[in-house]
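So the sequences go chain by chain: D and F. Residue numbers for the first sequence follow numbering that gives the first Met the number 0, so the first one is 0 and each next one is one higher. Residue numbers for the second sequence follow numbering that gives the first Met the number 0, so the first one is 0 and each next one is one higher. Just so you know, even glycine gets a beta-carbon here, dropped at the ideal spot from N, CA and C. Here the structure is laid out as structure tokens; the discussion comes afterwards.
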Amino acid sequence: MRHIKAINQKARRIDDLLSGTEGDIEGLQQSGGAERPHYPMGCSIVFSPGWEVDSSGGTAGLCQPVERDLYDCYISCYWPAQVPDHLNNYPEWTSKCAAATKDWRNIDLVFP
Amino acid sequence: MQLQLSELHQFEAGGNPFVYLVPSGGIFALDDLSRRTIEVLKQRPREAVDLLEELVAGGAGREQARNCIEELVATRALEPAGGRQAAVDEAPAAFPLQTLVINLTNQCNLSCQYCYEFGEDKVATPEGKPKFMEFETAKQSVDFLFAEAGSRKQVHITFFGGETLMNFPLLKRIVDYSRQEAAQRGVAIDYSLTTNATLLRPEIIEYLSENAIGVTVSMDGPKELNDQLRVFANGKGSYDIIVPKVKELLRQHRTRPIAARVTLTSGVRDVIGIFRHLKEEIGFHEVGFAPVTTSPNRLYAIGEKGLDDVLAQFEQLAYEYRDYALRGELHGFSNVSDTLSELHQGISKSHPCGAGLGLLGVGPSGDISPCHRFVDSDTHKLGHVSEGLDREKQQEFLKHGHIHAKYDCHSCWARPLCAGGCYHEAFVRYGDTGHANLHYCDWIRGWTDLCLRIYGEIATQNPGFLKHFDQRKAA
Numbered sequence: 000m001r002h003i004k005a006i007n008q009k010a011r012r013i014d015d016l017l018s019g020t021e022g023d024i025e026g027l028q029q030s031g032g033a034e035r036p037h038y039p040m041g042c043s044i045v046f047s048p049g050w051e052v053d054s055s056g057g058t059a060g061l062c063q064p065v066e067r068d069l070y071d072c073y074i075s076c077y078w079p080a081q082v083p084d085h086l087n088n089y090p091e092w093t094s095k096c097a098a099a100t101k102d103w104r105n106i107d108l109v110f111p
Numbered sequence: 000m001q002l003q004l005s006e007l008h009q010f011e012a013g014g015n016p017f018v019y020l021v022p023s024g025g026i027f028a029l030d031d032l033s034r035r036t037i038e039v040l041k042q043r044p045r046e047a048v049d050l051l052e053e054l055v056a057g058g059a060g061r062e063q064a065r066n067c068i069e070e071l072v073a074t075r076a077l078e079p080a081g082g083r084q085a086a087v088d089e090a091p092a093a094f095p096l097q098t099l100v101i102n103l104t105n106q107c108n109l110s111c112q113y114c115y116e117f118g119e120d121k122v123a124t125p126e127g128k129p130k131f132m133e134f135e136t137a138k139q140s141v142d143f144l145f146a147e148a149g150s151r152k153q154v155h156i157t158f159f160g161g162e163t164l165m166n167f168p169l170l171k172r173i174v175d176y177s178r179q180e181a182a183q184r185g186v187a188i189d190y191s192l193t194t195n196a197t198l199l200r201p202e203i204i205e206y207l208s209e210n211a212i213g214v215t216v217s218m219d220g221p222k223e224l225n226d227q228l229r230v231f232a233n234g235k236g237s238y239d240i241i242v243p244k245v246k247e248l249l250r251q252h253r254t255r256p257i258a259a260r261v262t263l264t265s266g267v268r269d270v271i272g273i274f275r276h277l278k279e280e281i282g283f284h285e286v287g288f289a290p291v292t293t294s295p296n297r298l299y300a301i302g303e304k305g306l307d308d309v310l311a312q313f314e315q316l317a318y319e320y321r322d323y324a325l326r327g328e329l330h331g332f333s334n335v336s337d338t339l340s341e342l343h344q345g346i347s348k349s350h351p352c353g354a355g356l357g358l359l360g361v362g363p364s365g366d367i368s369p370c371h372r373f374v375d376s377d378t379h380k381l382g383h384v385s386e387g388l389d390r391e392k393q394q395e396f397l398k399h400g401h402i403h404a405k406y407d408c409h410s411c412w413a414r415p416l417c418a419g420g421c422y423h424e425a426f427v428r429y430g431d432t433g434h435a436n437l438h439y440c441d442w443i444r445g446w447t448d449l450c451l452r453i454y455g456e457i458a459t460q461n462p463g464f465l466k467h468f469d470q471r472k473a474a
């Protein structure tokens, strides 16, 4: 910790306990609040191997389902990705999908 | 998320800011930013986002401010508003016994007027019970200790009275028997006793030293103070009798530090004078003080003003202790070292002391009590050494004494160390062992704050000294 320093034995135990939980995979956590810049899960601007392909070069053993990033890459990102982009070319792509868990079949392929 | 300050106590030591966290008992040093964060939240709770903006507006980097808030939340110096968590767990159903206080006799050759065993506020009901413990009872007590100690690798016996040395032959037999039992079980055992020193003889001193038996002498200071209340039945003071014996004890007993234990009363309040006399002139290694336990209307009770005066003198001695500690020397004012030890470990108590948990008392009859102060009291009996602990009564006592049950304490930052204070004191004052000792709250907070400041100074300027407190003392 940088702003408070453990002084007695109990404080050191608290510190040890916390440092044990630090460095958890932040991307998986929903906390962080509105203040934190939002990085799409697995996007190539952060280094997180295991998203694009698994250890054998396929997609069966990914740490995240590819669908996890559908909206992230579609809505908020400028980078040309494997999904249609909302900003310029396919603003209507998900218009028939009100709830992804229910309506995901309505998100169709596009043919540029 | 709205954030508020958790329970904490801020203090400064050597010009540096610290916090003492309640209820964890953790002590942390603050930097400028974390101190400012706490100051901002002291005014009122804030949305986390607003707090962040306020810190940034005050000149902090955004990432820095975010880290700072996260650290304070993680250590629970800050908490979500309205989200306070229950602090201390319930006491375990069975707790291995560590210390047994054996009252070898309830008889005494002095007639100190304030004595809690014989005085006007006594809780003991010794009528019809043995005055001296029999060896058979002592043996059962030792067996009881080992049986209740469970997996502990170290146990402790304290000999007490009455006047302990009035039954010295039994003490020796207990030491022999318990050593033998301890060796068979592969458990370490050590001993201590409290005495008024009137019966010390060279052969007793030699025995105590050879067996590394810790000795605490009850004594109230120079002659004119000691002899006010520590008198024989005929009213004659005990000072002249005990001083040569105590000096002999200090000369010959080399295996353990010897402590004096002073009872402060309305007429015996010259803390500094008493300390100088006992430490420097008599030569005790340590001197500890406690205000007399009494109902408030007794002549020897210390009034509120008197307690302030005592605390002021405690403060002066405590700063002396600090100066010694910064030079790496031991001072001998044991009230400070006891508190520093608890602060160092960051103890947070569910109960004020180990009575009824890791410590029990046994009277000459074999009756078990929460501690030596309740020995021979039918009201507080928790079983008999021949039959074992009355678990139901023990649980009732512990539940009653738990910090959860003391609503007065729930908003007090000093409760991790105090937990409501001495059961016996509470019983004498309020007729209830589970009552918080409200008559010394200000004293406890003042004392804890003082010791925190001293701890902070030692921790920053001579942290090596704190090694003295690394091992938890036996109860």
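Using a CB distance below 8 Å, no part of the stretch 250-274 of chain F faces chain D.
For the stretch 375-402 of chain F, the beta-carbon criterion of a distance under 8 Å to any beta-carbon of chain D is satisfied by none of its residues.
At a cut-off of 7 Å between beta carbons, D:N7 contacts chain F.
In the structure shown, F:N102 falls within a strand segment according to DSSP collapsed to helix, strand and coil. Between the stretch 8-26 of chain F and the stretch 4-17 of chain D there are three or more C-beta pairs closer than 8 Å, enough to call the two in contact. From the beta-carbon of F:I26, the residues of chain D found nearer than 7 Å are I6, N7, A10. D:D107 sits exposed, since fewer than 16 C-beta atoms from the chains shown fall within 10 Å of its C-beta.
Taking C-beta atoms as the reference points, F:G220 and F:H284 fail to come closer than 7 Å. As computed with DSSP, D:L16 is found in no beta bridge at all.
From the beta-carbon of F:T104, no residue of chain D is found nearer than 7 Å; the closest lies around 40 Å away.
At a cut-off of 7 Å, the C-beta of F:Q344 has a neighbouring C-beta in chain D. Shown here is that no member of the stretch 356-368 of chain F has a Cβ falling below 8 Å from a Cβ of chain D. Between the alpha carbons of F:K41 and F:S336 lies a distance of about 32 Å.
CA-CA distance, F:R414 to F:L449, rounds to 15 Å.
Two segments are said to touch when three or more pairs of C-beta atoms, one from each, lie closer than 8 Å; by this definition the stretch 174-186 of chain F does not touch the stretch 226-241 of chain F.
DSSP lists F:H383 as the beta-bridge partner residues of F:D366. Going by DSSP, F:T194 is part of the beta strand (DSSP E) stretching over 187-194.
Cα atoms of F:C411 and F:Y206: separation of roughly 46 Å, rounded to the nearest angstrom. Residue pairing of F:R250 in beta bridges, as defined by DSSP: absent, with no partner found.
CA-CA distance, F:R255 to F:L359, rounds to 23 Å. Between the stretch 140-154 of chain F and the stretch 400-411 of chain F, the count of C-beta pairs closer than 8 Å stays below three; the two stretches do not touch. The alpha carbon of F:F426 has as its nearest neighbour, out of F:H467, F:K222, F:A123, the alpha carbon of F:A123.
Look at F:E319 here: in three-state DSSP terms it is helix. For F:D431, same chain residues with a beta-carbon under 7 Å away, outside a window of 5 residues either side, are A425 in chain order. At least one CB atom of chain F sits nearer than 7 Å to the CB of D:L17. Sequence-distant partners of F:R260 (beyond 5 residues in either direction) whose C-beta falls short of 6 Å from its own C-beta, in its chain, are T215, S217, G287. Less than 7 Å divides the Cβ of F:Y320 from the Cβ of F:H330.
With a threshold of 7 Å between beta carbons, F:L29 makes contact with chain D. Beta-bridge partners of F:Y19 (DSSP): F:H8, F:I26.
Annotation for F:K398: no beta strand (DSSP E) segment contains it, though the alpha helix (DSSP H) segment containing it runs 390-400. Cβ contact annotation for F:I273 (same chain, cutoff 8 Å, sequence separation greater than five): D219, G220, P221, L224, V261, V267, V286, F288, in chain order. For F:H155, DSSP records a beta bridge to F:T98, F:D189.
The beta strand (DSSP E) runs lying completely inside the stretch 178-239 of chain F and spanning 3 residues or more are 187-194, 213-217, given in chain order. By a beta-carbon distance limit of 8 Å, F:R151 contacts F:P95. Their separation comes to about 5 Å.
Less than 7 Å divides the Cβ of F:L198 from the Cβ of F:L164. Residue pairing from DSSP places F:A354 in a beta bridge opposite F:L358.
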